[in-house]
Amino acid sequence: MKIKIAPSILASDFSRVGEEVVRLEEGGADLIHCDVMDGNFVPPITFGAQMVKALRPHTRLPLDCHLMVLHPETHIQNFAEAGADIITVHVEACDIFELFRRIEGYGVKKSAVANPETDVEKLFPAAESADMLLLMSVHPGWGGQKFIPETLKKIEKLRNYCVKIGRGDLDIEVDGGVTEKNVKDVIAAGANVIVAGSTVFRASDMAATIARLRG
Ligand code: DX5
Ligand code: ZN
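Going letter by letter, the sequence shown gives residues 371 to 585 in my numbering.
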């Protein structure tokens with residue numbers, strides 16, 4: 371499967387996110403991971419659809435919007451109209467099928483995500499129709515946290531389930547604490563879309579780091 375790198379702008383310089391996104395595209399990123407936080411589903415607040423709208427003209431890369439929000443159903447239209455290419459919603463925050471229907475209605479790719487403490491089986495029903503599935507490998511809300519090693523088993527289980535239902539080529543994204551040290555294990559377990567915030571933005575050579583993460 372193609373390994374895709376999705377740097378998270380949560381780790382970028384918020385005073386110049388547009389330039390940072392251009393730097394990511396020039397550095398070889400495959401997607402731009404946009405961590406949307408509402409201060410309710412997770413304590414911090416980051417940004418909303420306005421940011422996605424502002425970034426849209428600066429990159430051709432897919433804008434991969436991870437909605438860490440309550441009532442995601444109230445935000446889908448705004449993110450779709452802002453130019454989101456993928457919208458990921460938390461199984462803990464909504465009825466996935468209701469949200470998938472809404473997201474699909476706007477012609478946007480639909481993805482479901484589960485937190486570290488949520489059983490991976492909770493993503494299985496979404497696997498039939500999702501365009502991507504996301505497993506959190508840190509507790510959502512902050513960048514720069516340590517990768518939770520139990521996630522590797524969850525990735526394996528999810529990939530095996532996708533193979534079993536004939537969706538072996540479904541994109542499985544992992545988000546949080548991924549570094550050059552653990553990325554090989556993450557990919558070997560079955561993930562093929564890698565979110566990396568701190569690892570990419572702390573790098574002295576962003577392009578080289580993105581290339582190394584891709585393997
Ligand atoms: C946390 C976010 C993650 C995080 C990843 O809630 O969903 O995307 O920004 O950042 P790093 O790679 O620094 O853990
Ligand atoms: Zn994220």
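Heads up, the beta-carbon is just placed ideally off N, CA and C, and yes, glycines get one too. None of these values were measured; they are calculated from a predicted model.
Outcome for Asp575 when other beta-carbon atoms lying within 10 angstroms are tallied against a minimum of 16: exposed
For Leu503, the first and last residue of its enclosing alpha helix (DSSP H): Looking at the DSSP string, Leu503 is not in any alpha helix (DSSP H); the run it does join, the beta strand (DSSP E), is 502-506.
First and last residue of the uninterrupted beta strand (DSSP E) at Ile456: 456-460
Beta strand (DSSP E) segment containing Lys554, residue limits: Per DSSP, Lys554 lies in no beta strand (DSSP E); the unbroken alpha helix (DSSP H) holding it starts and ends at 553-559.
Contact under 7 angstroms by Cβ, Gly547 with Phe571: no
Any non-hydrogen atom of the ligand DX5 closer than 6 angstroms to Ala381 Cβ: yes
Where Glu543 falls, given that 16 or more other Cβ within 10 Å makes a residue buried: Buried: at least 16 other Cβ atoms inside 10 Å.
Span of the beta strand (DSSP E) around Cys404: First-last of the beta strand (DSSP E) with Cys404: 402-407.
CA-to-CA distance, Asp408 to Met371, given in whole angstroms: Here the alpha carbon of Met371 sits roughly 33 angstroms from the alpha carbon of Asp408.
Proximity winner among His436, His460, Asp465, Lys423, relative to Asn592 (alpha-carbon distances): Since the first and last residues shown for the chain are 371 and 585, residue 592 lies out of range.
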